[in-house]
Structures are given as C-alpha cells and as structure tokens.
Amino acid sequence: MENRERILEKLRKMMCLKESAQSIGNEGEAAAAAAAITRLLITYNLSETDIPTEERIENPIVAEEIPFRPEVSSGEWYSSLISVVCHYNMCRLLIISTRKENGRLSRDKFQIVGRKKNVEVVLFLVSFLSSKFYQIGKREYPAYKEECQLRHGCAPKSLAMYMRSYLCGCVSGLNDKFLSEKRQLQLECDITALAVSSKAEIDEFLKDVKISKSRESKQSVDSISAGRGYKTGRNIEINKGVYAGDIKENKKIGGLNNEYIRF
Numbered sequence: 001m002e003n004r005e006r007i008l009e010k011l012r013k014m015m016c017l018k019e020s021a022q023s024i025g026n027e028g029e030a031a032a033a034a035a036a037i038t039r040l041l042i043t044y045n046l047s048e049t050d051i052p053t054e055e056r057i058e059n060p061i062v063a064e065e066i067p068f069r070p071e072v073s074s075g076e077w078y079s080s081l082i083s084v085v086c087h088y089n090m091c092r093l094l095i096i097s098t099r100k101e102n103g104r105l106s107r108d109k110f111q112i113v114g115r116k117k118n119v120e121v122v123l124f125l126v127s128f129l130s131s132k133f134y135q136i137g138k139r140e141y142p143a144y145k146e147e148c149q150l151r152h153g154c155a156p157k158s159l160a161m162y163m164r165s166y167l168c169g170c171v172s173g174l175n176d177k178f179l180s181e182k183r184q185l186q187l188e189c190d191i192t193a194l195a196v197s198s199k200a201e202i203d204e205f206l207k208d209v210k211i212s213k214s215r216e217s218k219q220s221v222d223s224i225s226a227g228r229g230y231k232t233g234r235n236i237e238i239n240k241g242v243y244a245g246d247i248k249e250n251k252k253i254g255g256l257n258n259e260y261i262r263f
C-alpha cells in the first residue's frame, strides 16, 4: 500500500480536479475524478490512524440536504438511486419529513451523512447519474417502442410509464455494477475495517437524533422497460462519464416539525 503522504496528495489533486471540471461544465472529467476519489477514500480511511490531525479535521462527519424530488422524473427510483450511491460510498441516507399545517408529515428532503469528502462524491454522483439516466432513457424511447411492436408484439407503454420502469431498472443495474466492483476491491484490500469505522463515526454523529425506519414500498414495473434500464445502469461508465452503449452506437428529531427517517 502506498504511504499516506502520497495517498493524501493524490486525494487533494483529485478533489481539485473534480471541482475544476465541475466549474467549467466538463461532466466526463468530473465523473472520472469522482470515481477516482471513491477508490482513494478506501485507502485513505484504511490508513485513518496514520492520518495527521489536520487532515481529520478537514474531513469530518457532515450532513448535507438535497430536495426530496429530483429535477427530472420523480418516483421511487430516485430515493433508490441515492440509497445505492450512499451505501457504496460509506454514507447514510435519511429522509426528513416536515409537519404541515394540517398536522400531517410530508417528506421534504433527503439528508446524506458521512465524511465530508464521501458526501461530496455522493452529491455529485447523484446529480450526474440521475441526469444521465434520464437523458439516455428518453433517447431510447423510440427504440423501446419498436422493440415492443416488432419483437414482443405488444403495445408500448406511455413515455411516463416507460421512464418510471426504465429508471428503476437503471438503479438495479447500477447496484449490481457497484457490487461487482466492491467484490473486486475486496480481493485487493480489506475494506471491512473501513466500513465498521465509518458506521461507528456516523452513529456517533447521529447519537442524539431519534430515527424511525421508513416504510418499504414496492413499485410495479414494466419488465421490457426495466430490462433496458438495467443494461444502462450496469454499463454506465462513471470513470469516463459516458454510457458504454454510446461507444458502440456512436429519526423524529427533537422538535415538533421535523422527522428523520432512516432509509
């Protein structure tokens, strides 16, 4: 394993590269930097006891909030996407509910908790992937309609219904992609200590927050649409910021109004 000075220097450079790429709108380079940061964070956290105090101060446990509904197509797929990205970047996802005037709780925001640099990677990847999946899905809708009619002999779903199932498939494929990469990483280094350490620190950060579990909900999907989405999620090239197919084809919290739900 590389010494900590080289690891930390690489991490600093990747963070600067990601921020620079984002500032000029270069999604591909920013995504590649984010993927590199995720990998370096594993080495970074495994070397926790050797990291200088100032570095620990610069990378504390933090919490960031994002809107409950995405800028693109809303639905269960979005919360599932955030959950998957959080899980594989050692962060925890909470849902904040606000009590409205009628007394009912309404889900209002997502809260992502983890080390600062991990959270930054999660925020970027969620924004990047949700936008990319939506763009690819809309672009492939004509091909989906043709597949339904010519191969399956059935009427295609509406664009809205197709997108709902397609995006769910994307998240499922992405989860399998991350799981495969995690297993490969486990062959190269022991990340168990890292996961335990991160969980303990997040638990400490949230020790005074009362959290209730969210109710699981199942969403019916169209198998043809979801299957196409699965392939997209499984083959999305985060390192390059492109879809592989493109290459071939061209807790209640103290207080009355807020409730935090663990996802």
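When we follow UniProt numbering, the leftmost residue of the sequence shown carries the number 1, and every step to the right adds one. All residues carry an ideal CB built from backbone N, CA and C; glycine is no exception.
(message) Measuring CB atoms only, is the region 131-146 touching the region 112-121, in the sense that at least three cross pairs come out at less than 8 Å?
(response) No, the region 131-146 does not touch the region 112-121.
(request) To the nearest angstrom, report how far apart Y162 and G137 are at their CA atoms. (result) Residue mapping note: residue 162 aligns to position 162 of the sequence shown, counting from 1. Residue mapping note: residue 137 aligns to position 137 of the sequence shown, counting from 1. Straight-line measurement puts the Cα of G137 at about 9 Å from the Cα of Y162.
(request) Could you name the residues of the same chain whose beta carbon sits closer than 8 Å to that of A34, not counting the 5 residues immediately before and after it, in chain order? (result) Along the sequence shown, read from residue 1 onward, the residue named residue 34 stands at position 34. Closer than 8 Å at the Cβ level, and outside the excluded window around A34, lie K18, V121, F124, L125, F128 and I238.
(message) Using a Cβ distance threshold of 8 Å, determine whether the region 159-177 contacts the region 72-82, with at least three qualifying pairs required.
(response) yes
(message) I need the boundaries of the beta strand (DSSP E) containing K109, first residue and last residue.
(response) Walking along the sequence shown from the start, residue 109 turns up at place 109. L105 to R115 is the span of the beta strand (DSSP E), which, as asked, contains K109.
(request) With DSSP as the reference, label E64 as helix, strand or coil. (result) To locate residue 64, count along the sequence shown from 1; it is residue 64. Residue state, collapsed to three classes: strand.
(message) Is the separation between the beta-carbon of K109 and that of P67 shorter than 8 Å?
(response) Numbered from its first residue, the sequence shown carries residue 109 at position 109. Numbered from its first residue, the sequence shown carries residue 67 at position 67. Yes, they are a contact pair.
(request) Thinking Y230 and S172 are a contact (beta carbons under 8 Å), I'd like their distance in whole angstroms, please. (result) Against the sequence shown, residue 230 aligns to sequence position 230. Against the sequence shown, residue 172 aligns to sequence position 172. Confirmed, Cβ separation roughly 5 Å.
(message) For R228, count the other beta carbons within 10 Å of its own beta carbon; 16 or more makes it buried, fewer makes it exposed. Which is it?
(response) In the sequence shown, residue 228 corresponds to position 228, counting from 1. Under this definition R228 is a buried residue.
(message) From the DSSP secondary-structure annotation, give me the bridge partner or partners of R99.
(response) Start at 1 with the first residue of the sequence shown, and residue 99 comes out as number 99. Looking at the DSSP assignment, R99 forms a beta bridge with L105.
(request) Out of C148, S130, D222 and I112, state which residue places its alpha-carbon closest to the alpha-carbon of I96. (result) Along the sequence shown, one-based indexing puts residue 96 at 96. The option with the nearest alpha carbon to I96 is I112.
(message) If you reduce the DSSP assignment to three classes, tell me which class D222 lands in.
(response) In the sequence shown, residue 222 corresponds to position 222, counting from 1. D222 falls in the coil class under three-state DSSP.
(message) Assuming the contact rule is C-beta atoms closer than 8 Å, K157 and S225 should be a hit. Round their C-beta distance to whole Å, please.
(response) Working through the sequence shown from its first residue, we reach residue 157 at position 157. Working through the sequence shown from its first residue, we reach residue 225 at position 225. With a Cβ gap of about 6 Å, K157 and S225 count as contacting.
(message) So the candidates are I202, Q149, Y134 and G233; which of them puts its Cα closest to the Cα of K177?
(response) Against the sequence shown, residue 177 aligns to sequence position 177. Closest option to K177, Cα to Cα, is G233.
(message) What does the Cβ neighbour count give for S106, buried or exposed, with the cut at 16 atoms within 10 Å?
(response) Walking along the sequence shown from the start, residue 106 turns up at place 106. It counts as exposed.
(message) Suppose you measure from the CA of N235 to the CA of I202; what does that come to, to the nearest Å?
(response) Here residue 235 is taken as the residue at index 235 of the sequence shown, counted from 1. Here residue 202 is taken as the residue at index 202 of the sequence shown, counted from 1. Each residue's alpha carbon lies about 31 Å from the other.
(request) Leaving aside the five residues before and after V62 along the sequence, list all residues of the same chain whose C-beta is less than 8 Å from its C-beta, in chain order. (result) The sequence position of residue 62 within the sequence shown is 62, counting from 1. Once the five neighbours on either side are set aside, the close Cβ partners of V62 are V113, G114, R115, K116 and V119.
(message) What does the alpha-carbon distance come out to for the pair G153 and Y88?
(response) Position 153 of the sequence shown, counted from the first residue, corresponds to residue 153. Position 88 of the sequence shown, counted from the first residue, corresponds to residue 88. Approximately 39 Å, taken between the alpha carbons.
(request) Could you have a look at N89 and say whether DSSP puts it in helix, strand or coil? (result) Residue 89 sits at position 89 when you count from the first residue of the sequence shown. Three-state result, N89: coil.
(request) May I ask you to report which of helix, strand or coil DSSP gives A32? (result) Your numbering for residue 32 matches position 32 in the sequence shown. Of the three classes helix, strand and coil, the one that applies to A32 here is helix, per DSSP.
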